[in-house]
DNA sequence: GCGCGCTGAATCGCCGTTCAGTCACAGCGG
DNA sequence: CCGCTGTGACTGAACGGCGATTCAGCGCGC
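Chains as they are written, first to last, in my numbering: chain A, -10 to 201; chain B, -10 to 201.
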């Protein structure tokens, strides 16, 4: 418990608040990822963040709210990036591929965050679940939209519900991520899995067209 | 707290144990499904099973072990049934379709069990996770085998890893089940989703064959 | 009578949360 | 310039509630 004042941040900052809050969030991601929400002690997060236990309560109302804020913060950020990525791609199928790459890429890059999202998304109380599904739905809607647009453009078969495809695709990605997050660290494995998934899904979504 | 002795089970049984044990397991499924593992109180499970709190500890070492046993018991049973179902179907693609129907059908029929498996599978401590992945792997292996066999028989494209496909497929099913379990009760919805998923997946796994 | 299966109130440890202080600094008056 | 005091961020030991687990006893069937 020695170093603490190494922040100092000049003096320009009216309050270094944002700094500490972010520090706590980062620590929470790490700790939750390692042990899961319920097995994680607030004191551990505090230690990992280099703050006192009580400090956490200056920034979050409760442990629950900490997790909630974490989702809010990170998923909002993800959605923004993903939306921009998608807009930059014109072709429907390419967009689907982009989503797959994006999600798996993210997970490969931020393993802890991946674990928190995929594992803890289903933890906590109904409270959290209800919250989570809100943000979560936004994500699914985005995927469903991409698929529906592509269907309208005649790029994909139209006899399947975009919503169902979106859910299944998300699940597939989640499943790949989960086994990867829990098991073998094999680098690049996710990318390979993503490519194969995209190949299968896109062939599966092709219009039966050319044959007839 | 009145009825309790209605079991009696002749007298053939050296111990009516299995009876009470099963009763506790059933209650646990129900309670865990409704509130999640951590939010469930042992006393609630006891009440739901119509036994005293202490009785649970005559059959299970701890709350954790109760959950573990539950998985062990139910998933083993599922695996047995699924294996038999698959053997009864000769064609590879039909087998895949069968797996999809089976898993979603199960979930539709036993909603509580579905929720426990899909939601709680990711809860608890690492301890459970490690256990879960053991049984879980068996399930995935079964799927991977079916796919690999079909590939060898020339029924499916061979440029994708059976293991990856199995994981993704499981994830997709899990994803469909999850949104279904948490959200709309819309009956038959799962069946429709299953059909569409099968259509897409099977088309996606077709050999590019006929064209060339 | 005896043992066994069961009971459920009491125990006990744990951990989220609180809050009385500490510390660093800034402003201010002398 | 310097010391004094007010302010607010931060600390971390202590509190209190909760709930998993225990175990002293109870009664039924033999």
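In this text, a Cβ means the ideal position worked out from N, Cα and C, and glycines have one as well. Computed from a predicted model, the values in this text were never measured in an experiment.
Given 8 angstroms as the limit, tell me if residue 31 of chain A has its C-beta closer than that to any heavy atom belonging to the ligand NAP. In terms of ligand content, the structure shown is empty, and the ligand NAP therefore cannot be addressed.
Pairwise C-alpha distance: residue 168 of chain A and residue 192 of chain A: Spanning the two alpha carbons is a distance of roughly 24 angstroms.
For residue 46 of chain A, which of helix, strand or coil comes out of DSSP? Assignment of residue 46 of chain A by DSSP, reduced to helix, strand and coil, places it in the helix class.
Under 8 angstroms by beta carbon: chain A residues contacting residue 85 of chain B: Near residue 85 of chain B there are no residues of chain A at all, since even the closest Cβ is about 12 angstroms away, more than 8 angstroms.
To be precise: take each residue of the region 14 to 36 of chain B, compare its Cβ to all Cβ atoms of chain A, and keep it if any distance is under 8 angstroms. Which residues remain? Answer in chain order: 24, 25, 27, 28.
Would you mind sorting residue 163 of chain A into buried or exposed? The rule is 16 or more other CB atoms within 10 Å of its CB. Per the 10 Å Cβ criterion, buried.
Please say whether residue 187 of chain A and residue 179 of chain A have beta carbons closer to each other than 9 angstroms? By the CB criterion at 9 angstroms, residue 179 of chain A and residue 187 of chain A fall outside the cutoff.
How is residue 58 of chain B classed by DSSP in three states: helix, strand or coil? Correct three-state label for residue 58 of chain B: helix.
What did DSSP end up calling residue 197 of chain A once you bin it into helix, strand or coil? For residue 197 of chain A, the three-state secondary structure derived from DSSP is coil.
Would you tell me roughly how many angstroms separate the C-alpha atoms of residue 98 of chain A and residue 158 of chain B, rounded to the nearest one? Residue 98 of chain A and residue 158 of chain B: Cα-Cα distance of roughly 24 angstroms.
Would you mind stating whether residue 202 of chain A and residue 155 of chain A have Cβ atoms separated by less than 9 angstroms? No information on residue 202 of chain A is available, as it lies outside the stretch -10 to 201 that chain A covers here.
Give me the subset of the region 150 to 170 of chain A whose CB atoms are less than 8 angstroms from a CB atom of chain B, sorted by chain position. Taking a C-beta cut-off of 8 angstroms against chain B, the contacting residues of the region 150 to 170 of chain A are 150, 153, 154, 156, 157, 158, 159, 160, 161, 162, 163, 164, 165, 167, 168, listed in chain order.
Using the beta-carbon count (16 or more within 10 Å), is residue 107 of chain B buried or exposed? It counts as buried.
Would residue 34 of chain B and residue 124 of chain B qualify as a contact pair, given that the criterion is a beta-carbon distance under 9 angstroms? No.
When we look at the beta-carbon of residue 10 of chain B and count the other beta-carbons within 10 Å, is it buried (16 or more) or exposed? Residue 10 of chain B comes out buried.
Buried or exposed: which applies to residue 126 of chain A, given that a residue is buried once 16 or more other Cβ atoms fall within 10 Å of its Cβ? With fewer than 16 other Cβ atoms from the protein chains shown falling within 10 Å of its own Cβ, residue 126 of chain A counts as exposed.
In angstroms, rounded to a whole number, what distance separates the CA positions of residue 15 of chain B and residue 24 of chain A? In this structure, the alpha-carbon of residue 15 of chain B lies about 28 angstroms from that of residue 24 of chain A.
Can you tell me the Cα-Cα spacing of residue 27 of chain B and residue 29 of chain A, whole angstroms? Cα to Cα, residue 27 of chain B sits roughly 13 angstroms from residue 29 of chain A.
Quick one, which residues of the region 92 to 111 of chain B are near chain A if we go by CB-CB under 7 angstroms, in chain order? So the close ones are 108, 111.
Test item: CB-CB of residue 8 of chain B and residue 81 of chain B under 9 angstroms: Taking C-beta atoms as the reference points, residue 8 of chain B and residue 81 of chain B fail to come closer than 9 angstroms.
Decide if residue 76 of chain A is buried, meaning its Cβ has at least 16 other Cβ atoms within 10 Å, or exposed. Taking every protein chain shown into account, the CB of residue 76 of chain A has fewer than 16 other CB atoms within 10 angstroms, so this residue is exposed.
Residue 79 of chain B lies in the alpha helix (DSSP H); which residues open and close that run? It is not in any alpha helix (DSSP H) - residue 79 of chain B carries neither H nor E in the DSSP assignment.
Using a C-beta to C-beta distance shorter than 7 angstroms, which residues of chain B count as neighbours of residue 182 of chain A? Those within 7 angstroms of residue 182 of chain A in chain B are 153.
C-beta atoms of residue 20 of chain A and residue 37 of chain A nearer than 9 angstroms: In this structure, the beta-carbon distance from residue 20 of chain A to residue 37 of chain A falls below 9 angstroms.
Using 10 angstroms around the beta-carbon of residue 151 of chain A, count the other beta-carbons present and answer buried if the total reaches 16, otherwise exposed. Classification of residue 151 of chain A: buried, given that the 10 Å Cβ count is 16 or more.
Does the beta carbon of residue 140 of chain A sit closer than 9 angstroms to a beta carbon anywhere in chain B? Chain B contact via Cβ: absent.
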